[in-house]
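Numbering (the numbering used here), first residue to last: 874 to 1006. Notes for the one structure printed next.
As structure tokens, this is what we get:
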């Protein structure tokens, strides 16, 4: 009987350890869908897109809502943003705003565009794919 009690207590202790695992912040799982184009945690590599990481939450949310509404043109973001609720877009904006601003590292030349031409901290609403800052 004591052995069963001990086993039960050990099982309960193990279950508590599993439940204590750190849960990701809201928006982190949604942000994983953005990594293919915008990099892990919004830290974009290269020059094609501005980094999402560290951008102001309000700026990011305004851009995402504009994509969703179709009032901001884009090649693919209008379709992607329509797949999220406004609450999910707010979670994404908050998640990316809370990430550290990446250091832009020069990569291979992108045609006539200067290497590393998207300066650190460039507001997302001012720079879009293919534009010159």
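Just so it is clear, CB atoms sit at the ideal spot from N, CA and C, and this is done for glycine as well. The structure displayed is predicted, hence computed values, not measured ones.
Can you tell me the Cα-Cα spacing of residue i and residue j, whole angstroms?
i, j, result
"residue 974", "residue 965", "16 Å"
"residue 915", "residue 926", "5 Å"
"residue 815", "residue 936", "Residue 815 lies beyond the range of the chain shown here (874 to 1006); nothing can be said about it."
"residue 930", "residue 924", "13 Å"
"residue 928", "residue 956", "22 Å"
"residue 963", "residue 920", "26 Å"
"residue 959", "residue 953", "13 Å"
"residue 976", "residue 912", "13 Å"
"residue 949", "residue 972", "23 Å"
Is the beta carbon of residue i less than 9 Å from the beta carbon of residue j?
i, j, result
"residue 933", "residue 970", "yes"
"residue 967", "residue 897", "no"
Does the contact criterion of 3 or more C-beta pairs under 8 Å hold for the segment 900-914 versus the segment 940-948? no
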